[in-house]
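Below is one structure, written out as structure tokens; the observations come after it.
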Amino acid sequence: MRVSKNFIIGLLIFLGLAGVVASSFFVDYRNITSRASKTKPAVQVPESTTPPQAKIVEEEKIKFVAVGDFDSEARFDQTLTNIKKAEPAYTLALGDLSYGKIPEQQWCDKVNSVLGNKPFEIVPGNHDIEPKSQLTNFSRCLPNRINNIVGSYPDRYYFDKGKTLRTIVISPDVAINGNPNKFNPGSEELLWVEKILQDAKEQKIRWVVVAMHKNCLTIGEKTCEIGQTLNNLLIKNNVDLILQGHEHNYMRSDQLALSPTCLNILPNKVNPKSCTVPSKTSQYDKGNGSILAIVGTGGAELRDINKNSASFPLFSKFLGKFNDPTYGVLVVEVSNNKLSAKMIENTTGTVKDTFTIDYKITP
Ligand SMILES: [Fe+2]
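In terms of my numbering, the sequence shown opens at residue 335 and continues consecutively.
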């Protein structure tokens with residue numbers, strides 16, 4: 335069969351046109367499907383079957399400041415500024431507030447103008463009752479601001495922060511309302527503190543802090559004014575931290591502990607080494623003894639350390655007039671498993687001492 339040349343040319347043109355149409359159709363089709371795939375809802379991936387990680391809950395810390403022996407000079411103002419910087423929940427003012435240099439209200443006004451209405455709890459000192467008691471006025475302008483206090487403010491009281499911390503304030507050898515507060519054996523005040531310590535044990539309160547103004551074991555110039563009976567009662571009961579003022583310097587002991595080889599820790603007498611549980615790193619374990627911190631560095635003129643004192647080996651850190659003289663405050667943080675403390679200098683914020691007590695869960 336003969337095919338004409340014109341027919342072949344016509345056929346070729348037709349096929350060419352058909353190809354163009356077909357290719358443009360496929361390009362459009364690809365675009366449509368591509369757009370469709372973009373708008374198509376994403377495939378639902380089943381959620382991970384791995385259980386969510388347990389939320390790490392920051393343990394609540396109770397932060398407080400302890401410092402005493404303020405006086406009424408510029409150094410007292412610096413102490414207040416330092417306290418404010420630490421942002422404590424409350425301050426334990428370890429006695430000897432104004433030394434009678436300015437009216438009580440004026441002294442309180444200074445405190446309240448810096449710290450607002452934050453609790454500034456009074457621990458009575460001898461200069462607060464001499465030559466006449468200023469405690470009525472002080473407790474009027476610096477009233478108790480802790481809501482669950484038990485006892486009588488400011489002379490003898492305690493308060494709990496849940497089951498984490500019990501703080502007990504007493505006034506040994508500071509006569510208030512006709513009570514000389516001698517804490518003699520069998521005295522009402524001694525029995526009271528014994529009962530409160532026992533109650534803390536029964537209630538399984540983790541940490542116990544006892545604050546007072548005067549001392550027993552010291553490497554300053556004072557003597558055992560609180561009496562050995564009270565001193566040994568606190569240590570025998572493993573009070574975690576004993577806080578005092580009165581000496582105008584900073585002294586901090588190792589853990590003091592009574593045992594069959596250390597029946598008493600006596601002032602003015604070299605005590606056996608077994609009376610302390612030392613730690614080169616200042617990291618202690620709960621239950622091994624009581625740490626004593628004397629923090630009379632709130633502003634009153636500093637005094638010297640007596641390195642010849644029989645109690646000298648009991649102490650791990652000291653700051654005095656001729657030994658790195660320091661005005662500052664002790665900032666204490668307490669959580670269920672740790673009590674940690676820092677002695678912070680007033681003007682530079684330098685940490686001059688630090689120690690911790692760990693609660694270790696025994697299997
Ligand atoms: Fe003092």
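Note that the Cβ used here is the ideal one computed from N, Cα and C, for glycine as well.
Bear in mind that the values here come from a model prediction, so they are computed numbers and not experimental data.
Bounding residues of the beta strand (DSSP E) (the contiguous stretch that carries residue i)
| i | result |
| --- | --- |
| residue 615 | Per DSSP, residue 615 belongs to no beta strand (DSSP E) and is neither H nor E. |
| residue 485 | 484 to 486 |
| residue 662 | 662 to 669 |
Assigned exposure category for residue i - 16 Cβ within 10 Å defines buried
| i | result |
| --- | --- |
| residue 415 | exposed |
| residue 403 | buried |
| residue 453 | buried |
| residue 571 | buried |
| residue 421 | exposed |
| residue 653 | buried |
Bounding residues of the alpha helix (DSSP H) (the contiguous stretch that carries residue i)
| i | result |
| --- | --- |
| residue 586 | Counting along the chain, residue 586 falls outside any alpha helix (DSSP H), though it belongs to the beta strand (DSSP E) covering 584 to 587. |
| residue 448 | 438 to 449 |
| residue 527 | 522 to 536 |
| residue 415 | 408 to 420 |
Three-way DSSP call (helix, strand, coil) for residue i in this model
| i | result |
| --- | --- |
| residue 543 | strand |
| residue 619 | strand |
| residue 474 | helix |
| residue 557 | coil |
| residue 563 | helix |
| residue 370 | At residue 370, the pLDDT of 36 sits below 50, so the modelled position is not reliable and the matter cannot be decided from this model. |
| residue 550 | coil |
| residue 428 | coil |
| residue 462 | helix |
| residue 395 | coil |
Cut-off 8 Å between Cβ atoms - residues of its own chain near residue i, not counting five sequence neighbours on either side
| i | result |
| --- | --- |
| residue 610 | 587, 588, 589, 590, 591, 623, 647 and 648 |
| residue 650 | 586, 587, 588, 612, 613, 616 and 689 |
Interface flag, residue i vs chain B, CB-CB below 9 Å
| i | result |
| --- | --- |
| residue 627 | This model lacks chain B altogether; it includes just one protein chain. |
Nonlocal neighbours in the same chain, by C-beta distance under 6 Å from residue i, ignoring five residues either side
| i | result |
| --- | --- |
| residue 644 | 602, 603 and 604 |
| residue 565 | 550 |
Residues near residue i by beta carbon distance below 7 Å, same chain, minus five either side
| i | result |
| --- | --- |
| residue 406 | 432, 433, 435, 436 and 441 |
| residue 413 | 401, 404, 632, 633, 661, 663 and 680 |
| residue 483 | 491 and 493 |
Would the region 661 to 675 and the region 604 to 611 be scored as touching if the rule is three or more Cβ pairs under 8 Å? no
Give a yes or no on contact between the region 513 to 520 and the region 545 to 563, applying the rule of three or more CB pairs nearer than 8 Å. yes
Could you say if the region 455 to 466 and the region 502 to 509 meet the contact criterion of at least three C-beta pairs nearer than 8 Å? yes
Between the region 430 to 437 and the region 675 to 683, can you find at least three pairs of beta-carbon atoms closer than 8 Å? no
Is there contact between the region 435 to 452 and the region 468 to 488, where contact requires at least three CB pairs shorter than 8 Å? yes
Mind listing, in chain order, the residues whose beta carbon lies closer than 5 Å to a non-hydrogen atom of ligand 3? What this structure holds is ligand 1, not ligand 3.
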